[in-house]
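Have a look at the structure below before the remarks.
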Amino acid sequence: MTVRVRFAPSPTGIPHIGNSRTALFNWLFAKHYQGKFIVRIEDTDRKRLVPGSQEKIMEILDVLGLKEDESYRRGGPYGPYIQSQRLRLYQKYAHQLIREGKAYYCFCSPERLAKIRKEQQKKGLIPKYDRHCLHLSKEEVEKKLRSGQKYVIRLKVPDDKDISWSDLIQGKITINTVNIDDQILLKSDGYPTYHLAVVIDDHLMKVNYILRGSEWISSTPKHLLLYQAFGWQPPKFGHFPLILGPDKSKLSKRHGAKSVLDYIEEGYLPEALVNFMAFLGWNYEDNSAILTLEKLVKFFDLSHIGKSNPIFDRQKLDYFNREHIRRLPLTELAKRLKRYLPADYPLKGDKFSRLVELCQPRMTNLKNFLSLTEFVYPQKIVEIKDLTKYLKAAEVREVVKSIRQRLAKVDKWTLPSIKGTIEKEMKRSGLSRGKVFMALRVAILIRPVTPPLFESIALLGKELTLQRLDVALNRN
Ligand code: GLU
Numbered sequence: 208m209t210v211r212v213r214f215a216p217s218p219t220g221i222p223h224i225g226n227s228r229t230a231l232f233n234w235l236f237a238k239h240y241q242g243k244f245i246v247r248i249e250d251t252d253r254k255r256l257v258p259g260s261q262e263k264i265m266e267i268l269d270v271l272g273l274k275e276d277e278s279y280r281r282g283g284p285y286g287p288y289i290q291s292q293r294l295r296l297y298q299k300y301a302h303q304l305i306r307e308g309k310a311y312y313c314f315c316s317p318e319r320l321a322k323i324r325k326e327q328q329k330k331g332l333i334p335k336y337d338r339h340c341l342h343l344s345k346e347e348v349e350k351k352l353r354s355g356q357k358y359v360i361r362l363k364v365p366d367d368k369d370i371s372w373s374d375l376i377q378g379k380i381t382i383n384t385v386n387i388d389d390q391i392l393l394k395s396d397g398y399p400t401y402h403l404a405v406v407i408d409d410h411l412m413k414v415n416y417i418l419r420g421s422e423w424i425s426s427t428p429k430h431l432l433l434y435q436a437f438g439w440q441p442p443k444f445g446h447f448p449l450i451l452g453p454d455k456s457k458l459s460k461r462h463g464a465k466s467v468l469d470y471i472e473e474g475y476l477p478e479a480l481v482n483f484m485a486f487l488g489w490n491y492e493d494n495s496a497i498l499t500l501e502k503l504v505k506f507f508d509l510s511h512i513g514k515s516n517p518i519f520d521r522q523k524l525d526y527f528n529r530e531h532i533r534r535l536p537l538t539e540l541a542k543r544l545k546r547y548l549p550a551d552y553p554l555k556g557d558k559f560s561r562l563v564e565l566c567q568p569r570m571t572n573l574k575n576f577l578s579l580t581e582f583v584y585p586q587k588i589v590e591i592k593d594l595t596k597y598l599k600a601a602e603v604r605e606v607v608k609s610i611r612q613r614l615a616k617v618d619k620w621t622l623p624s625i626k627g628t629i630e631k632e633m634k635r636s637g638l639s640r641g642k643v644f645m646a647l648r649v650a651i652l653i654r655p656v657t658p659p660l661f662e663s664i665a666l667l668g669k670e671l672t673l674q675r676l677d678v679a680l681n682r683n
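Counting the sequence shown from 1 gives a position; our numbering is that position plus 207.
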């Protein structure tokens, strides 16, 4: 039997990275078993739709490399893959349940529902529909329908029944129906609720594994009741542990969790995001292992998804990003950096490649490159800082000045000649190597954190190096 899983986002906004984990886990599961990964757009909650979010959700899949097998844009045998284009189906099935006595029309006004809710709350009861319309006679129902009264269709939920399933991740779960309302299946605008649409679609699209976040556990008994009502074989269910923020509450944008697209904008690699997301719930021998999508497909399984809640840790994301940056071939890294650099970036060709090589071990994200290499901008000369943070004014005058003079005499501006000259002068001064280097770094390369000193000076060229040393000497 082919594994068929689905990612079923609601286009109600751009999901944060934690939500994209659901897509990743489903995709990995499908690919591990050579199955199919289906994307279905669940857009039945019309009030919450956010224009443009559907496209962004698809863009996230593209960026991460999670290619779908079936969707509205790729087609497939069980379309349409957008719920708002399937309304007739949901209506047909809802009416079938009515005919079979498993669901009923409810004509109660929102005012009446609000009133009973209030009364129940006052008594300390969990709000639940009081089944007023379940007891209407056939004639009463027909009369109301004929007169065009607005209605919803509700599921007859059995009283006090245990609904159980063996969850692939959480183990056996049992939930009693006592607190489950007679679910609305079809709304008065003819749109289905999530519960009806999800069950019909998962069945018709032959989805056999439903893998989603734990926030959906309380919906599962409702879905199982619907499978029963339709006489359909339910799929297997697995609920991933919730991702928590550092304060142990459910991860949200408030914790700084952004969307995959935001992280890309900040200079994170898709490879790093994938690696990071995989360990938000799934465990491997070593949860800091650097794994590509290919490797993840090979190793991924549900038995290594625990029940304990993973904590979202930004530093870990930085760690994965650094590691993946280090592993990129130089030409690839250079290519990817282009997006983050202004068109007038001064270095090109071989010099640019050399600089990329120097920065590769020092970058946490691709945006860092620009700040690490600010020194390549000739005009940055004016920003030279105070060197007395590192050396006394007299020492600056002595050692920086002599280095400047010696460097001016260097004919061939090569790494060995620059290194030799500076090392020699520094030794002669008897000053601490660390301090002199810092002073030179700030004077010539503008910032205290840069690629290696001598290599950078070699790249910068003689003229700019001497100019900057002159400015530094004038100011100190
Ligand atoms: N449309 C639901 C969501 O927004 C899908 C939930 C499910 O996977 O059943 O996440």
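Glycine included, C-beta positions come from ideal geometry on N, C-alpha and C.
Straight through space, the alpha carbons of L500 and K626 are spaced by roughly 43 Å. Rounded to the nearest whole angstrom, the CA to CA distance from S227 to G668 is 46 Å.
Ranked by Cα distance from Y312, the first of S344, L432 and K325 is S344. Cβ atoms of I376 and G420 stay farther apart than 8 Å, at about 11 Å. Sequence-distant partners of I417 (beyond 5 residues in either direction) whose C-beta falls short of 6 Å from its own C-beta, in its chain, are P442 and F444.
Beta-carbon to beta-carbon, R247 and Y288 are separated by about 5 Å, close enough to satisfy the 8 Å threshold.
Distances between the C-beta of A215 and the heavy atoms of the ligand GLU include at least one below 7 Å.
The region 607-614 makes no contact with the region 503-518; the number of CB pairs closer than 8 Å stays below 3. Restricting attention to K502, P477, Y552 and V563, the CA atom closest to the CA of N528 is found in P477. For C340, no beta strand (DSSP E) encloses it, and the DSSP letter there is neither H nor E. With a cutoff of 7 Å, E277 does not count as near the ligand GLU, since its C-beta is closer than that to no heavy atom of the ligand.
The residues F214, L418, R419, G420 and F447, in chain order, have a CB closer than 8 Å to that of T229 in the same chain once the five nearest residues on each side in sequence are set aside.
Short of 7 Å from the beta carbon of I380, and not among the five residues preceding or following it, lie these beta carbons of its own chain, in chain order: S371, W372, D374 and I424.
When DSSP reads this structure, T381 sits in a beta bridge with S371.
About 5 Å separates the CB atoms of A310 and L362; that is less than 8 Å, so the two are in contact. CA-to-CA, the gap between R654 and P623 works out to about 23 Å. Distance from the CA atom of I471 to the CA atom of T580, rounded to whole angstroms, is 20 Å. Approximately 7 Å separates the beta-carbon atoms of L393 and L403; this is inside 8 Å, confirming the contact. In this structure S466 is in contact with I267, their Cβ atoms being roughly 7 Å apart against a cut-off of 8 Å.
Between the C-alpha atoms of I333 and Y297 there is a straight-line separation of about 29 Å. Using a C-beta cut-off of 8 Å, the region 271-284 makes no contact with the region 492-499, since fewer than three inter-stretch Cβ pairs fall below that distance. For the pair L487 and P585, the CB atoms are not nearer than the 8 Å cut-off. Within the region 569-635, the complete alpha helix (DSSP H) segments of 4 residues or longer fall at 575-579 and 608-615, listed in chain order. T251 and T400 have their C-alpha atoms spaced approximately 7 Å apart. Around the beta-carbon of M208, fewer than 16 other beta-carbon atoms lie within 10 Å, marking it exposed.
Beta-bridge analysis with DSSP links R293 to no other residue. As the crow flies, the alpha-carbon of Y358 is around 5 Å from that of F314. Shown here, A310 sits in a strand according to DSSP, grouped into three states. In the three-state DSSP reduction, E478 falls in the helix class (H, G or I). With a contact defined as Cβ atoms closer than 8 Å, L503 and L235 qualify at about 6 Å. Assigned with DSSP and collapsed to three states, G282 falls in strand. Judged by pairs of C-beta atoms under 8 Å, the region 533-541 touches the region 558-577, as three or more such pairs exist. A heavy atom of the ligand GLU is found nearer than 7 Å to the CB of W423. Ranked by how close their Cα comes to the Cα of E662, the residues K574, S395 and R561 have R561 in first place. Here V603 is near L594, since their CB atoms are less than 8 Å apart.
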